[in-house]
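Here the structure comes first, spelled out in structure tokens, and everything after it is commentary.
Residue numbers (the numbering used here): 1 to 229.
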């Protein structure tokens, strides 16, 4: 009888852990929006002319800093330093978002575009959260597809730095929205099903997905609905 009694106890403990990780992830994700907003507001007061005139060099530097900070966060995810690095990372991402926001706000309907992109991002996130929570299905099978998709998207982004093809740029933005939305579902499913037990890692993944959805939607909306009058 003893082994039979241990099964529900273990399941209960696992459920408590999953709920705690999910709760902490949502809380941390909410907090990351504060330094992102501050970074964006500060960045909008700066001149990013050097980034626009040297896109390839800027991309290399940004990617180096980006992946360096991601590595540092993952390395320290079990300590308070990991949280501090995560918040610093989101501040930096806010700064990097500023040039896009400056461009959008240069349009007569720029404020509307940003609001629509934010709404679309919210719908994507909460929609995937609802699916993951209600179905409780294991979406870990998406792992290989997402990995290949991210690699292909990154190659296309690098190629377009040289090709400068508007059609390819829009295609990349659309693909990024799709991949990031699926990554949100994959990450939340991992938490709910016990595959992800660290809220710092989970928050980092969700934050990057949300950031990519928002920035890509802004670019798509500017291309299709931007009013330059």
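The beta carbon of each residue, even a glycine, is placed where N, CA and C say it ideally should be.
{"Item": "Residue 161 versus residue 54 - alpha carbon distance", "Value": "10 Å"}
{"Item": "Residue 221 - containing alpha helix (DSSP H), residue span", "Value": "199-225"}
{"Item": "The alpha helix (DSSP H) enclosing residue 136, as first and last residue numbers", "Value": "Residue 136 -> no alpha helix (DSSP H), and no H or E assigned at all."}
{"Item": "C-alpha gap between residue 157 and residue 171, whole angstroms", "Value": "10 Å"}
{"Item": "Own chain residues within Cβ distance below 6 Å of residue 3, not counting five before or after", "Value": "Its pLDDT being 48, under 50, residue 3 is placed unreliably in this model, and the value from its coordinates should be taken loosely. There are no such residues."}
{"Item": "C-alpha gap between residue 232 and residue 163, whole angstroms", "Value": "It is not possible to answer for residue 232, since the shown part of the chain is limited to 1 through 229."}
{"Item": "Option in 23, 194, 90 with minimal Cα separation from residue 41", "Value": "90"}
{"Item": "Spatial neighbours of residue 122 in its chain, beta-carbon cut-off 6 Å, leaving aside the 5 residues before and after", "Value": "none"}
{"Item": "Beta carbon of residue 188 nearer than 8 Å to that of residue 119", "Value": "no"}
{"Item": "Simplified DSSP state of residue 241, which is helix, strand or coil", "Value": "The first residue shown for the chain is 1 and the last is 229, placing residue 241 beyond what the model contains."}
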